[in-house]
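Structure, as structure tokens:
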Amino acid sequence: MTDVKPKAVRRLGDIVFANLTFLAGISILLTLATVAAFLFAQSVPAFTGEPIEAAENGFWAYVFPFIFGTVYASVIALAIATPLAIGIALYISHFANRRFSQILGYAVDLLAAIPSVVYGLWGILVLAPFLTPSYRWLNENLGWVPVFGGQVSATGRTMLTVGIVLAIMVLPIMAALIREVFLQTPRLHEEAALALGATRWEMIKMAVLPFGRPGIISAAMLGLGRALGETMAVAMVLSPAAVISFDMLTSTNSNTIAANIALQFPEAGGNYTNLLIATGLVLFGITMVVNMIARWVISRRAEFSGAN
Amino acid sequence: MNNILKLGALAAASTLVLAGCAANEAAVEETTSATTDTTETVVELTGTLNGSGASSMAAGQEAWIAAFQTANPGVTVNYDPTGSGTGRKQFMEGATSFTGSDSYWKEEELGGEFPSCAAGTLPWEFPIWISPIAVIFNLDGVSSLNMDGATVAGIFAGEITKWNDAAIAAANPGVSLPDLTITAVHRSDESGTSKNFTDYLGAVAPDVWTVGAIEAWPAEYGGEGAQGTSGVVSAVSGGNGTIGYADASRAGDLGTVAVKVGSDYVAYSAEAAAAVVDASPLVEGRESYDLATKIDRNTTASGAYPIVLVSYLMGCNDYADDAQAELVRAWASFLVSEEGQQAAAASAGNAPISAGLRAKAQAIIDAIK
Amino acid sequence: MATSQLQSTFQGTRDLPRWVSPLMLVGFFLTSFFLQSALASGADSVEINLVPVAVFGLLGYAVTLYVLSRIVEGVRKATDRLVTTLVSTAFALALIPLISLAYTVVTNGVARFDMEFFTFSMRNVVGEGGGALHAIVGTLEITGIATLISVPVGILAAIYLIEYGRGTIARLVTFFVDVMTGVPSIVAGLFAYALFVIFFGPGVRMGLGGAIALSVLMIPVVIRATEEMLKIVPNELREAAYALGVPKWLTVLKVVLPTALAGIATGVMIAIARVIGETAPLLLIAGFTASMNYNPFDERMMTLPVFVYTSYANQGVDMQAYVDRAWAGALTLMIIVMVLNLVARLISKYFSPKG
């Protein structure tokens, strides 16, 4: 594979440009190292200083429910958003007519800009009341399924609502990226498939999806990144408690790390601030682990790229 | 690369177009030079005064700032509603010249350094903002209920779970209460409102509310959490059979609870809130310029409403920077003046502090160096 | 209908008439609706929940269409129809909340979407009136600076990863770019604050700090999007350029980048849209003010998301005035992104290689 790589003539411009791009790449590492170093330095007093009332059972007992909540909410969000994003992208790139699809794509892009505060407002004022009857129905009829059990919330500000709000928040970004990749599917591949008598779905299965798979995973990672770190919308919509609970429809939900920081930071004093920053470091660690898993998943499939 | 240049130029151009002056902000220099002083004010105040702290008084600060800046066009006052804890912290870092806080200085904080103040001097504080906390609920057809402290505590501690509970029914003869589950909504962020509310619960019903005054809600008490006053109000109005506590100015159309004081049930009002502060003793062992007040939640004074939030204004007795001292003196004097208190009350719906308190505060302000 | 006849001859099956599918869709939804209302009238609650109506209507439609198509048209066509139903459903399902959101923002936003909103700041304004000019200027300046930092760095880093990077460092950078997408926005704000405290002392507030925080969030998005687009530029183009003796750096600048430009422009737009609505970091480092400030290097600077947040969170007695301003601020943000989006599309339309 590597020796077929074409070699071009190297000149001064080449060397300057190559080093410039290298610098840009390195600057990413530097920035992250600075962020991590700062987080780490600010976290230390939480462990060495005097004990904090909020974390009387130790740091990990304090942070574990939040870790759980963060991962749980993001998993729900991604489970909802990924198929929908693929659906939107496919619809815009291969099902809708061209003019219509451009307008649609444009509309979806706009929604990525709405501040999370507004998603939060919409979540409380529109979505939660709308979903409450369905939650009651789910709880009554499917209450034996563990996640739907418990005392159903009267206001709808539950884990499932948060998952849905997060899914809607990451949807525009994921859909835009996936659509862009689907649109780049080589026209010849598609036409060849159709010429062989494939139905539209068979063409998509044979030509579009394999081509777009790295793009889909990449988009899912972006979505996950945003869902894990989303602060204001979760803080506004979720009814949190310091517990670990799989129930999606109750008022007692595990909070997320980011939302907990936002909720407690303004009134935090002394060591408590450091404790919250330490939980931020944990969130940072979680994204790293998630990314490692995703990298591993991608690397198990041969990566498809025009550049290698 | 010229594409990117064009993009940059476009962005720059659009910024320039938009960067006109705000219509309501006249250029300061012109106004000040054109104004001929009709009052006896000798010195025209200029400069920027930065403060931060409690978000509970943000709406009041907005009114104060507007009135103060109108009177002193050369001054810009900024108030960051960051929360009391952050506000006090920023003051202790020397980042701000004054602070609004829902709780008075802690002993250990007074032992620290205050870089804004002259070396070795401590800050003053006095109540500037009294705000009744209303117990709000949303129950079809009911706009007002009577409850004693133990009942309110029972509801928020998760012991009273139905609206037709005997304890509620006994205090409200003639009101038809449904067999509906109570959803008690509390603040999910740490706040002075929670602290004052739970302080009240712990004081009047120590058997039911065993954890005392807290900022973070204990998980075993259950209930539903919501962010900020706006979040609690949204959650209470969004559900049916919900109850919560919020700044009284935000109660709106929701039903409110009259709480038992002595043998009467008292609904919240500005006068009732100011009354309980006057009836409460100062915290012992503080300096004369420290008017930290221990609110007497168990008061039996007639017409006093004990669930109030008291916020303090804090600043230096002796500023390291004399220009700041002058600004703070003018600013704080305006805040405690009757005019200032009325301006805030009209805009934010809080309770003005009493005349006696205003006089004591003015004495502290006059001593600022 | 010659083609369809041709197809059916080839497949040895017939096609379903075109009217079958829409008719069935309407039919199933109506049936589901009436069934639900019949059930609901039995219970004591009168209102009909539209969620189960949609769920059962759609389920019935999809299953019946599949079975029918399988009998008449064969397995492959049936699967195709099923997938079409699924994709369209996914699309419609996703559009409902998005439309509801846009509708909420627009209808609530127009109440204060007037001249005063764009010509006034909030200085000396209490209760009604006032505007967000100070916040609009702040948002444009801060996001603009963040874009000026992030786009060159992001695109260059992506070029490094795709065109140059080999070995450990490249793999490290790729990995950490992914990690960087996971930096919570509030952490980015804390980082910028901690960085600026070192230089300017505690309590520092300035627009530039906000721009730095936003850059931390924006750079990985720009890199990821650019990377995806560079990857799918066909190798043949590069080879052709090399064959003509074009140096590699010029190949990248003149051949690869222009080919990917439309996608990169979209990527940059996504990145801007991602950060322009950020509240938490700006609250920390850019701060809060009611007055104009054009200078991103000094003092507090208001931004639209912070404006929306504080208007909502710190309402005065005249609550409606505050809430109206919050919604108008959200609508303004949406429109700013709409304009930027248009610009990006124009750029990719005029500067992309034709064909």
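Protein chains in written order, with the numbering used here: chain A, 5 to 312; chain B, 636 to 1004; chain C, 521 to 875.
The beta carbon of each residue, even a glycine, is placed where N, CA and C say it ideally should be.
The structure presented is a predicted model; accordingly, all values stated were derived computationally and were not measured.
(message) Give me the residue from C:821, C:740 and C:621 with the minimum Cα distance to residue 122 of chain A.
(response) C:621
(message) Can you give me the C-alpha to C-alpha distance between residue 178 of chain A and residue 981 of chain B, rounded to a whole angstrom?
(response) 48 Å
(request) Determine the closest residue to residue 629 of chain C out of C:861, C:842 and C:868, with distance taken between C-alpha atoms. (result) C:842
(message) Under DSSP, the beta strand (DSSP E) around residue 733 of chain B begins and ends at which residues?
(response) 733-736
(message) Suppose you measure from the CA of residue 839 of chain C to the CA of residue 832 of chain C; what does that come to, to the nearest Å?
(response) 9 Å
(request) Express the C-alpha separation of residue 904 of chain B and residue 939 of chain B in angstroms, rounding to a whole number. (result) Approximately 9 Å between the Cα atoms of the pair.
(message) Excluding the 5 residues flanking residue 797 of chain B on each side, which residues of the same chain have their C-beta closer than 8 Å to its C-beta?
(response) Closer than 8 Å at Cβ, skipping near neighbours: 814, 815, 816 and 817.
(request) Keeping to the same chain, check which residues put their C-beta closer than 7 Å to that of residue 636 of chain B; ignore five residues upstream and five downstream. (result) Interpretation of residue 636 of chain B is limited by its pLDDT of 42, a score under 50 that renders its predicted location unreliable; the figure taken from the coordinates is listed afterwards. No residues qualify anywhere along the chain.
(request) Label residue 768 of chain B either buried or exposed according to how many other C-beta atoms from any shown protein chain fall within 10 Å of its C-beta, with 16 as the threshold for buried. (result) It is buried - the Cβ of residue 768 of chain B has at least 16 other Cβ atoms within 10 Å.
(request) Take the Cβ of residue 669 of chain B as the centre, count every other Cβ of all protein chains shown within 10 Å, and call the residue buried at 16 or more, exposed below. (result) Below a pLDDT of 50, predicted positions are generally treated as unreliable, and residue 669 of chain B, at 37, falls in that range; no measurement from the model is reported.
(request) May I ask you to report which of helix, strand or coil DSSP gives residue 534 of chain C? (result) coil
(request) For residue 240 of chain A, decide whether its Cβ has a neighbour in chain B, counting only Cβ atoms nearer than 8 Å. (result) Judged by the 8 Å Cβ criterion, residue 240 of chain A is in contact with chain B.
(request) Report the residues of the segment 704-719 of chain B with a CB closer than 7 Å to any CB of chain C, ordered along the chain. (result) 704, 705, 711, 713, 715 and 716
(request) Using a Cβ-Cβ cut-off of 8 Å, state whether residue 294 of chain A counts as contacting chain B. (result) no
(message) Just to confirm my understanding: we take residue 674 of chain B, look at its own chain, exclude 5 residues before and 5 after, and list those with CB closer than 6 Å. What are they?
(response) With a pLDDT of 45 at residue 674 of chain B, under the threshold of 50, the modelled position of this residue cannot be trusted; read the value that follows with caution. Around residue 674 of chain B: no qualifying Cβ.
(message) Please identify the residue among A:166, A:92, A:217 and A:36 whose C-alpha is closest to the C-alpha of residue 125 of chain A.
(response) A:166
(message) Please report the distance separating the alpha-carbon of residue 866 of chain C from that of residue 797 of chain C.
(response) 23 Å
(message) Using beta carbons (cut-off 8 Å, strictly below), is residue 673 of chain C in contact with chain A?
(response) Residue 673 of chain C counts as touching chain A.
(request) Count the CB pairs spanning the segment 773-785 of chain B and the segment 904-913 of chain B that are closer than 8 Å, and state whether there are at least three. (result) no
(message) Please return the same chain residues whose Cβ sits closer than 7 Å to the Cβ of residue 747 of chain C, not counting the five positions on each side in sequence.
(response) 678, 681 and 682
(request) Just the C-alpha distance for residue 871 of chain C and residue 836 of chain C, rounded to the nearest angstrom, thanks. (result) 50 Å
(message) Considering only the alpha carbon of each residue, which of C:619, C:710, C:634 and C:597 lies closest to residue 118 of chain A?
(response) C:619
(request) Excluding the 5 residues preceding and the 5 following residue 530 of chain C in the sequence, name in chain order all residues of the same chain whose CB lies nearer than 7 Å to its CB. (result) The predicted position of residue 530 of chain C is uncertain, since its pLDDT is 45 and thus under 50; no value can be drawn from it.
(request) Leaving out five residues on either side along the sequence, give the residues of the same chain with a beta carbon under 8 Å from the beta carbon of residue 803 of chain C. (result) So the qualifying residues of the chain are 709, 826 and 829.
(request) Starting from the beta carbon of residue 771 of chain B, find every residue of chain C whose beta carbon is closer than 8 Å, and list them in chain order. (result) Per Cβ cutoff of 8 Å: no residues; residue 771 of chain B is ~14 Å from chain C at best.
(request) Step through the CB atoms of chain A and report whether any lies within less than 8 Å of the CB of residue 850 of chain B. (result) Residue 850 of chain B counts as touching chain A.
(message) To be precise: take each residue of the segment 142-163 of chain A, compare its Cβ to all Cβ atoms of chain B, and keep it if any distance is under 9 Å. Which residues remain?
(response) 155, 157, 158, 159, 160 and 161
(request) Compute the distance between the beta-carbons of residue 721 of chain C and residue 801 of chain C, then report whether it is under 8 Å. (result) no
(request) Look at residue 736 of chain C and residue 788 of chain C and say whether their C-beta atoms are less than 8 Å apart. (result) no
(request) List the residues that DSSP assigns as beta-bridge partners of residue 781 of chain B. (result) B:893
(request) Tell me, to the nearest whole angstrom, how far the beta carbon of residue 292 of chain A is from that of residue 151 of chain A; I am working on the premise that it is less than 8 Å. (result) The pair is not a contact, with the Cβ atoms about 28 Å apart (cut-off 8 Å).
(request) Compute the Euclidean distance between the alpha carbons of residue 57 of chain A and residue 869 of chain B, then round it to the nearest angstrom. (result) 30 Å
(request) Given a cut-off of 8 Å, decide if residue 610 of chain C and residue 91 of chain A are closer than it, judged by their beta-carbon atoms. (result) yes
(request) Verify whether the separation of the beta carbon atoms of residue 230 of chain A and residue 174 of chain A is less than 8 Å. (result) yes
(message) Between residue 660 of chain B and chain C, is any beta-carbon pair separated by less than 8 Å?
(response) yes
(request) Whole angstroms is fine: what's the gap from residue 808 of chain C's alpha carbon to residue 660 of chain C's? (result) Distance between residue 808 of chain C and residue 660 of chain C, taken at the CA atoms: about 16 Å.
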